[in-house]
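Protein chains in written order, with full-length UniProt numbering: chain D, 1 to 313; chain Z, 1 to 595; chain W, 1 to 277.
Where is the CB? At the ideal position from N, CA and C, for every residue including glycine.
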């Protein structure tokens, strides 16, 4: 088990390097450099050259990247082009908002998704059809549009929940919770239906397998067959899907934080993009990549735990 | 040399009555809808400025936030601009973006996926690294980086979306290809001498067109979401120029007093995405309809209701007696009888063989006794007399208490009959504790006893093993041990030796015979093998197309078969035939292909 | 070896095959004279299918040689292999996976002909019609898709595909094992008829000694990658020399209760003797 973790972590180091290098290489390929972008066509040649030196753009790309990587390894991701603040401290301020959003969405979509999937696999009928309809709806309506509709219904019209903004947990736990409800639902909605459908399909497949029939023939009660045997076997593809939807939920925060004006990493990334703040964007990229690597690691571990074939050999 | 040969032009004319692809898509209501909508959107996108009733950027501050009217079919926005015109002009950006992303993803994704799946080895591993790296990217953030670096150039962004999307497309196409690659017709084509390219073109691609179209339609939907999303974030098309995503952003500003603005933009996006999805499904179904069963209703055989069967009296001396068993399957509202009005008696302490070929209903008849029929197959009538009680075989729930405890069963695929997630020991302990409450340790001791009884050596090691670590013969021994634990009066054996080698089969048959004698069990033994019938059965019932043709002692069945079918079947067995001579067939009796 | 003066169509010598550290075939050697059938019998893991794969070029041999019509094809190049596709063909066990469901029977049958250089469409059509007639399929079969046919019918189409370009050797890998008894007889008869008409040679691989005995001129018994016995079919059945062959014979049940009772008794004694040693 420990070897698996170490192997995964070793494999993710080159990944982080590739991803971050990508931004440097692209930056070099782009027409006009960051200094020109920041000056937006104004300023003299002298100002431009000065900014280039200040940003380190006058040196070769690999050298720039080497410097960046060297300080990144020491926990320094540079300074924002736009505000001059330390990228790491900006990111750390924003991290917990996105983290609570993603974890909340994950808890919601795993619990609701798996229960809905189970019920529709075993009972079929109305719930199965409802899952189908909602999952089509969740696929075809953009998450940010759904978020706006939810906000206009529950905040503007019914006034049940706060519309925008974020209250830290330490300040007011109740408001923190209420403020996260709609964003979490908006992020989770699509994932819930994806997990529900996968659970239903793999439960359906598993219930048709031979060993279920032979357990029945041995007189094992239906409840034990479903919750002990079938669910365990059906869980492998579901775990894979949970990993995939978590990654897409992390991306989804970009839109949802924007709609609900939450000060998280996603909205930070959009602000950075709007301000052409490449240094800050590179920092966000590193954080998001690390998050995704962590998710994949957890998926791999649960896979090994659930599947004796992977574990024993 | 091979590629110059044109095989794709069929040497024979196409079958009449099979419509071409486009026609068969249009004949499906959802296909028609999606083709219509997408054509409208594309035409509108191309001729946007000619079609739009108003200038999409013309403000009219006297007519702001109007609901739909004759002048403005979809109303006006916060600046009094015509919403319909803005939707029309905004469509070109979305459609162009989708086409850019889709073509890149299709080209890269399909070729990488097919190549990785077909060639395997290092090619597969190299492409796997590409896929894994891209799938681990925070893709939206990467898009933000690209938009920033390339100064909000939407074309470059959408091509990047295509490259990112190629990874998942390649992954799905690869696994579809893997599923096909080991089919025997691919092997046959390779042996015949076809080149790899020809095999991919003729045998792989047509087979995976279904997953390809579905994946591409899903990806088209995703790229619409991303394209509108970028504009929604304010990083794409810059206002006041209209875009679908930008219009949703404008709507979000006005939700306090004019929520209508959300409707036209949101619905347009949703319907377009829906149309792509439905188009994918229709194309897939239309493609597959050429070469798979289509649900053409067959002539209905009516009257399989309870009560229409002849009711004979139960044989009270029998251990188990079945009367009037009729099993049907329903497909597309058409009922088909799989077993019709079957009667049989299992005498106490005997082994009754049920012999027949595939489709005779022999396995279903044994499953029906315990209510274990697969989904879609059910008993419509049938009674069973067992230990002085009468059971209605169509009432599965009432049969449950019998399972394991009084009537046990073993199956054809011994490995598949075990749950791959649990050890052999766990399987046995679970059944032991189900039938007699006891501690885990006691149950373990009993399990070891049970395994020793089925002559498994080194029991302790076997207990700790998972099903995939033992052989088929061993798995069947475990299956028998598990079935015999609660000391059932009746054992149903459904082709328990068919999947095994002949030397292992002999051992299992011996084991079954010994256990049957020792425990004085009655056994129903389902098989297609006449040698096995002769070996283990006392009496045999011959089944054909859901009906019992004859039942007699094995001596009589082989020496004096009373039914012509039995005679013909026994004659077709090469055991009796002189070497190299023609075997007598029963072609005239069997109308093959009537299914 | 048989006292055949002609050079055999196929000659295998000293074949060794490894899968990793596991030796799948040990020093295999045999001949198939033109127009005859060689039966290969063995249980799972005996290596019988691997022998077929080596001949078809799907598995590489560690050492030894496969001589086809005087030519060493053991390590034939990819392009030579593709040329051999005309001469050496195959019939598999599973009639469902053997035919591409997306192609009509006509398209499937035309493939070997085109590879053999037949380009005229009328020739192809005529030849397909002939072959379908020989294997006893209705004339309109060519326009239909595989899903419209039963397992036995599909297997006859698979046989037709194997012989349509007049190959000289066909490897039949368990061709009747997935078929019902009633259909099995038809396919076995078909193979016998084809051999008489086309003087094609067969390598007939099966786990069923009775079936092999019925179709083969000579039979080889394989056990754990080694040939334990070789002889003509009747001889192996009636006077088996090797202990494994005897066990195999004793274990296979016969459809005759009285004879089977004796056989069963013999098997028990044999097994008891084995367990004692």
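Go ahead and pull the three-state DSSP assignment for residue 205 of chain W.
Position 205 of the third chain, counted from the start, is the residue given in the question as residue 205 of chain W. In the three-state DSSP reduction, residue 205 of chain W falls in the strand class (E or B).
In terms of DSSP beta bridges, what is residue 66 of chain W paired with?
As a working note, residue 66 of chain W is residue 66 in the third chain. BP columns for residue 66 of chain W point to W:12.
Just tell me which of D:264, D:195, D:300 has its CA closest to the CA of residue 245 of chain D.
Indexing the first chain from 1 puts residue 245 of chain D at position 245. The option with the nearest alpha carbon to residue 245 of chain D is D:195.
Shortest alpha-carbon distance to residue 163 of chain W belongs to which of Z:150, Z:188, Z:488?
Numbered from its first residue, the third chain carries residue 163 of chain W at position 163. Among Z:150, Z:188, Z:488, the Cα nearest to that of residue 163 of chain W belongs to Z:188.
Keeping to the same chain, check which residues put their C-beta closer than 8 angstroms to that of residue 306 of chain D; ignore five residues upstream and five downstream.
The residue you call residue 306 of chain D lines up with position 306 of the first chain. Annotation for residue 306 of chain D: 232, 235, 236, 239 place their beta carbon closer than 8 angstroms to its own, counting only its chain and skipping 5 residues before and after.
Could you compute how far the alpha carbon of residue 176 of chain Z sits from the alpha carbon of residue 64 of chain Z?
Taking the first residue of the second chain as position 1, residue 176 of chain Z is located at position 176. Taking the first residue of the second chain as position 1, residue 64 of chain Z is located at position 64. C-alpha separation (whole angstroms): 53 angstroms.
Hey, would you say residue 63 of chain W sits closer than 7 angstroms to residue 72 of chain W, going by beta carbons?
Mapped onto the third chain, residue 63 of chain W falls at position 63. Mapped onto the third chain, residue 72 of chain W falls at position 72. Against a cut-off of 7 angstroms, the Cβ pair of residue 72 of chain W and residue 63 of chain W comes out as no contact.
Quick one: grab the DSSP three-state call for residue 539 of chain Z.
Position 539 of the second chain, counted from the start, is the residue given in the question as residue 539 of chain Z. In the displayed model, residue 539 of chain Z falls within a strand according to three-state DSSP.
Can you tell me whether residue 13 of chain D is buried or exposed, with buried defined as 16 or more other CB within 10 angstroms of its CB?
Taking the first chain and counting its residues from 1, the one referred to as residue 13 of chain D is at position 13. Classified as exposed, residue 13 of chain D has fewer than 16 neighbouring CB atoms from the shown chains inside 10 Å of its CB.
Residue-level contact to chain Z via CB, residue 270 of chain W, 7 angstroms cutoff
Translated into positions along the third chain, residue 270 of chain W becomes position 270. Not one chain Z Cβ lies under 7 angstroms of residue 270 of chain W.
Those residues which DSSP pairs with residue 390 of chain Z across a bridge:
Position 390 of the second chain holds residue 390 of chain Z. Here residue 390 of chain Z is bridged, per DSSP, to Z:385.
Quick one: does residue 218 of chain D have its CB under 7 angstroms from some CB of chain Z?
As a first step, residue 218 of chain D must be located in the first chain, where it is residue number 218. Yes - at least one Cβ of chain Z is within 7 angstroms of the one on residue 218 of chain D.
Helix, strand or coil for residue 350 of chain Z? Go by DSSP, reduced to three states.
The residue labelled residue 350 of chain Z in the question sits at position 350 within the second chain. Here residue 350 of chain Z sits in coil by DSSP.
Do residue 356 of chain Z and residue 474 of chain Z count as a contact pair if the criterion is CB distance below 7 angstroms?
The residue given as residue 474 of chain Z occupies position 474 in the second chain. The residue given as residue 356 of chain Z occupies position 356 in the second chain. Result no, Cβ atoms of residue 474 of chain Z and residue 356 of chain Z do not sit closer than 7 angstroms.
Residues that DSSP places opposite residue 491 of chain Z in a beta bridge
As a working mapping, residue 491 of chain Z is identified with position 491 in the second chain. Answer is Z:408, Z:523.
Flag residue 431 of chain Z as yes if its beta-carbon sits less than 7 angstroms from any beta-carbon of chain D, otherwise no.
Numbered from 1 along the second chain, position 431 holds the residue referred to as residue 431 of chain Z. Closer than 7 angstroms to some Cβ of chain D, the Cβ of residue 431 of chain Z qualifies, so yes.
Taking only runs of the alpha helix (DSSP H) that begin and end inside the segment 85-161 of chain Z, which ones reach a length of at least 4 residues, in chain order?
Annotation: the segment 85-161 of chain Z contains the following complete segments of the alpha helix (DSSP H) (minimum length 4 residues), in chain order: 121-135, 139-149.
Under DSSP, the alpha helix (DSSP H) around residue 565 of chain Z begins and ends at which residues?
By 1-based counting over the second chain, the position of residue 565 of chain Z is 565. From DSSP, the alpha helix (DSSP H) with residue 565 of chain Z extends over 564-572.
Mind listing the chain Z neighbours of residue 214 of chain W? Cutoff is C-beta to C-beta under 8 angstroms, in chain order.
In the third chain, counting from the first residue as 1, residue 214 of chain W sits at position 214. The answer, in chain order, is 574, 577, 579, 580, 583.
Just to check my reading of the structure: residue 362 of chain Z and residue 526 of chain Z have Cβ atoms closer than 8 angstroms, yes? What is that Cβ distance to the nearest angstrom?
Within the second chain, the letter at position 362 stands for residue 362 of chain Z. Within the second chain, the letter at position 526 stands for residue 526 of chain Z. Yes, they are in contact, since the Cβ atoms of residue 362 of chain Z and residue 526 of chain Z sit about 5 angstroms apart, within 8 angstroms.
Just confirm the distance between the C-beta atoms of residue 312 of chain Z and residue 323 of chain Z, as a whole number of angstroms; I'd bet it's less than 8 angstroms.
For this step, residue 312 of chain Z is matched to residue 312 along the second chain. For this step, residue 323 of chain Z is matched to residue 323 along the second chain. Their Cβ separation, rounded to whole angstroms, is 6 angstroms, which keeps residue 312 of chain Z and residue 323 of chain Z in contact under 8 angstroms.
Could you run through the segment 36-62 of chain W and flag, in chain order, every residue whose CB is less than 7 angstroms away from some CB of chain Z?
Under the 7 angstroms Cβ criterion, the segment 36-62 of chain W contributes 43, 44, 56.
Rounded to a whole number of angstroms, what is the C-alpha to C-alpha distance between residue 273 of chain D and residue 425 of chain Z?
By 1-based counting over the first chain, the position of residue 273 of chain D is 273. By 1-based counting over the second chain, the position of residue 425 of chain Z is 425. So the two alpha carbons sit approximately 59 angstroms from each other.
Identify the continuous alpha helix (DSSP H) that holds residue 223 of chain W and give its terminal residues.
Against the third chain, residue 223 of chain W aligns to sequence position 223. Where residue 223 of chain W is concerned, there is no enclosing alpha helix (DSSP H), although the beta strand (DSSP E) it sits in stretches over 218-223.
Within 10 Å of its beta-carbon, does residue 461 of chain Z have 16 or more other beta-carbons around it, so buried, or fewer, so exposed?
If you number the second chain from 1, residue 461 of chain Z lands on position 461. Residue 461 of chain Z is exposed by the Cβ-count criterion.
Considering only residues of the same chain and omitting the five flanking positions on each side of residue 81 of chain D, which have a CB-CB separation below 6 angstroms?
For this step, residue 81 of chain D is matched to residue 81 along the first chain. Taken in chain order, the residues that qualify are 277, 279.
Can you give me, in chain order, the residues of the segment 552-563 of chain Z that have a beta carbon less than 7 angstroms from any beta carbon in chain W?
With the criterion set as a beta carbon lying under 7 angstroms from some beta carbon of chain W, the members of the segment 552-563 of chain Z are 554, 555, 558, in sequence order.
Taking only beta carbons into account, state which residues of the segment 520-550 of chain Z come closer than 9 angstroms to chain D, listed in chain order.
Result list empty, no residue passes.
Under 8 angstroms, with one C-beta from each stretch per pair, do the segment 260-277 of chain Z and the segment 82-99 of chain Z reach the 3-pair mark?
Yes: at least three Cβ pairs fall under 8 angstroms.
So who's on the other strand from residue 226 of chain Z, going by DSSP bridges?
Numbered from its first residue, the second chain carries residue 226 of chain Z at position 226. Answer is none; residue 226 of chain Z lacks a bridge partner.
Does residue 299 of chain Z get closer than 7 angstroms to chain W when you measure Cβ to Cβ?
Here residue 299 of chain Z is taken as the residue at index 299 of the second chain, counted from 1. Confidence at residue 299 of chain Z is low in this model, with a pLDDT of 44, below 50, so its placement is unreliable and the value that follows should be read with caution. The beta-carbon of residue 299 of chain Z is placed no less than 7 angstroms from the nearest beta-carbon of chain W.
Can you list, in chain order, the residues of its chain whose CB lies under 6 angstroms from that of residue 294 of chain D, leaving out five sequence neighbours each side?
Taking the first chain and counting its residues from 1, one reaches residue 294 of chain D at position 294. Excluding sequence positions up to five before and after residue 294 of chain D, its CB lies less than 6 angstroms from no other CB in the same chain.
From residue 302 of chain Z to residue 335 of chain Z, what distance separates their C-alpha atoms?
Residue mapping note: residue 302 of chain Z aligns to position 302 of the second chain, counting from 1. Residue mapping note: residue 335 of chain Z aligns to position 335 of the second chain, counting from 1. Confidence in residue 302 of chain Z is poor, its pLDDT being 46 and thus under 50, which makes the residue's placement unreliable; the coordinate value appears in the next sentence. Within the model, the alpha-carbon separation for residue 302 of chain Z versus residue 335 of chain Z is close to 7 angstroms.
Look up residue 60 of chain Z in the DSSP assignment and say whether it is helix, strand or coil.
For this step, residue 60 of chain Z is matched to residue 60 along the second chain. In the structure shown, residue 60 of chain Z adopts coil according to DSSP, grouped into three states.
Using a Cβ-Cβ distance under 7 angstroms, would residue 308 of chain Z count as near chain D?
The sequence position of residue 308 of chain Z within the second chain is 308, counting from 1. Low local confidence applies: a pLDDT of 46 at residue 308 of chain Z is under 50, so the model's placement there is unreliable, and no value is given.
In terms of residues, what are the limits of the beta strand (DSSP E) holding residue 121 of chain W?
By 1-based counting over the third chain, the position of residue 121 of chain W is 121. Bounds of any beta strand (DSSP E) do not take in residue 121 of chain W; it lies within the alpha helix (DSSP H) bounded by 121-134.
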